[in-house]
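The next block holds one structure in the form of structure tokens; read it before the comments.
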Amino acid sequence: MQVFEAGTIRTVQGLLLMGNYLQKRDRPNTGYSLIGLAQRIAFGIGLHRERPSAEDKVAFERHRQLFWVVYCFDSGFSITTGRPMAVLEGFIDQALPRNIDDQDCDNSSVVPAPVNYPTTYSALIAQAQLVRIANGIHHEFLSAKTANQKMEYQLAEIMAQKLDVWRDNLPTYFTSPDVPAWFLGPRSIVLWKEQNLRILLWRGTKKVHPYLPSRMDARGRCLDAAMETIQSISSFVASYESSLHPGIVWYGTYFIFQAMLVLEASCLGRDGQPDQDFPCDSEGWEASISAATQCLESLARRNSSAALCLEFIERIHRSAGSTAGEMPGTQMDSAQQATDGVLTYDYLFDPTAWTSEMDNIATDPVLRELIGEAFLDFEAVPTMACDLDLSA
4 MQVFEAGTIR TVQGLLLMGN YLQKRDRPNT GYSLIGLAQR IAFGIGLHRE
54 RPSAEDKVAF ERHRQLFWVV YCFDSGFSIT TGRPMAVLEG FIDQALPRNI
104 DDQDCDNSSV VPAPVNYPTT YSALIAQAQL VRIANGIHHE FLSAKTANQK
154 MEYQLAEIMA QKLDVWRDNL PTYFTSPDVP AWFLGPRSIV LWKEQNLRIL
204 LWRGTKKVHP YLPSRMDARG RCLDAAMETI QSISSFVASY ESSLHPGIVW
254 YGTYFIFQAM LVLEASCLGR DGQPDQDFPC DSEGWEASIS AATQCLESLA
304 RRNSSAALCL EFIERIHRSA GSTAGEMPGT QMDSAQQATD GVLTYDYLFD
354 PTAWTSEMDN IATDPVLREL IGEAFLDFEA VPTMACDLDL SA
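Residues 4 to 395 in my numbering are what the sequence shown lists, from first letter to last.
Following this line, the structure appears as structure tokens:
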């Protein structure tokens, strides 16, 4: 207990590693608790406060980096599991990390000037900026859900505009093809997170604007975001096979599965049968489902969870009697077939339900870049329990 009574930087780092490792090893609740403990200790030793110093040393920049890693972890896990945020934005005055190249620096060095090319901290900076928007979206979503409502359309538009501004202000190396190979993965994951936020935003929003019904409805915007996600991930997997280390493979599986669920759910009516108002035979729908299926088949060779995702999609098709065509998947035994009844309209349309299916978060690439790969065992891939009651 004395270790926790006197908090240190190393304690925070160790708890982050332990928590993230346990999440990856199918111990999400224990991992969540340890990350929460890391956050409490970080607050206890003042990492959330900017430290006035006569000299701008690398040691203080390390504090910034660590705090924002903790912040991103807490936010991401809270959104994934539908749990309230533990951090109040108004009590944080710690500046964002700077995009510095500090390979030749030690803690006593003066912080070098920021650079305009990818560094170890580029993805962390972009993600920290995105997380601030994500927290606002999550807060509004939970507030509406508490009142058994959906978010107002006009409020969702404001949030979407903030995401647009975030994307427009990203450095050019987030869109340029001329970047180091090591940066392709972290860059893509940050962009996939933004697309995933758009899916969650429009999925939890009232369908139409109350005063401007001619605006594109929330359902259409959500489907567009899902199709963009599938296109982005499937293109990455097809184009950058050498970059598909286990961490990136996990995130690709995580995000493309959610996008695929959105497309599948869009075809179901309240009775769980095909929705006649949205036939699942449009060219865009079929192309996206086909691309996602091929992508998951490729990812399944590296990650067993991707194979489970394919089986889960097959169960949706079998349960709903979909006419969209045969999907790849293995034959289910009688016990699995008996669980097909959980695939209801409300289950698929509740963001906190289907995002929580994959809440065993693998090691985040941002943390991995900061601490190296020596400690991280990626060989044991967490499985995904598709039949849990996650409504609580």
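The beta carbon of each residue, even a glycine, is placed where N, CA and C say it ideally should be.
- Using the Cα positions of Leu50 and Leu200, report the straight-line distance between them to the nearest angstrom. In a straight line, the C-alpha of Leu50 is about 27 Å away from that of Leu200.
- Task: Please name the residue in Ser78, Glu160, Trp185 and Ser81 whose C-alpha comes closest to that of Thr122.
- Result: When each option's Cα is compared against that of Thr122, the closest is Trp185.
- Message: Taking the beta carbon of Asp59 as the centre, do at least 16 other beta carbons fall within 10 Å, making it buried, or is it exposed?
- Response: Exposure of Asp59 is indicated by the presence of fewer than 16 other C-beta atoms within 10 angstroms of its C-beta.
- Straight-line gap, Gly79 to Gly34 (C-alpha atoms, nearest Å): Going by the C-alpha atoms only, they are around 13 Å apart.
- Where Val265 falls: helix, strand or coil (DSSP): Helix.
- Query: Is Ser237 buried or exposed, if buried means 16 or more other CB atoms sit within 10 Å of its CB?
  - Reply: A residue is called buried once 16 or more other Cβ atoms fall within 10 Å of its Cβ, and Ser237 is buried on that count.
- Task: Compare the beta carbon distance of Asn151 and Ser125 with 8 Å and say whether it is the shorter of the two.
- Result: No.
- Item | Cutoff 7 Å; reference Val252; Cβ partners in own chain excluding five residues on either side | Closer than 7 Å at the Cβ level, and outside the excluded window around Val252, lie Leu302, Arg305 and Asn306.
- Item | Separation of His66 from Val6, as counted between CA atoms | His66 has its alpha-carbon roughly 19 Å from the corresponding atom of Val6.
- Classification of Lys196 by the beta-carbon crowding that lies within 10 angstroms, buried from 16 upward: Within a 10 Å sphere around the beta-carbon of Lys196 sit 16 or more other beta-carbons, which makes this residue buried.
- Query: Anyone know if the C-beta pair for Cys312 and Phe260 falls short of 8 Å?
  - Reply: The answer is yes: Cβ separation under 8 Å.
- Query: Smallest Cα separation from Met88: which of Phe144, Glu53 and Ala129?
  - Reply: The shortest Cα separation from Met88 among Phe144, Glu53 and Ala129 belongs to Phe144.
- Query: Any idea if Met387 is buried or exposed, counting beta-carbon neighbours within 10 angstroms, 16 or more meaning buried?
  - Reply: Note that Met387 has pLDDT 33, beneath the 50 cutoff, so the model's placement of it is unreliable and no number is given.
- For Met21, name the three-state secondary structure that DSSP assigns. Three-state result, Met21: helix.
- Counting pairs of Cβ atoms below 8 Å between the segment 63–77 and the segment 98–112, do you hit three or more? In this structure the segment 63–77 lies against the segment 98–112, because at least three pairs of beta carbons, one per stretch, are closer than 8 Å.
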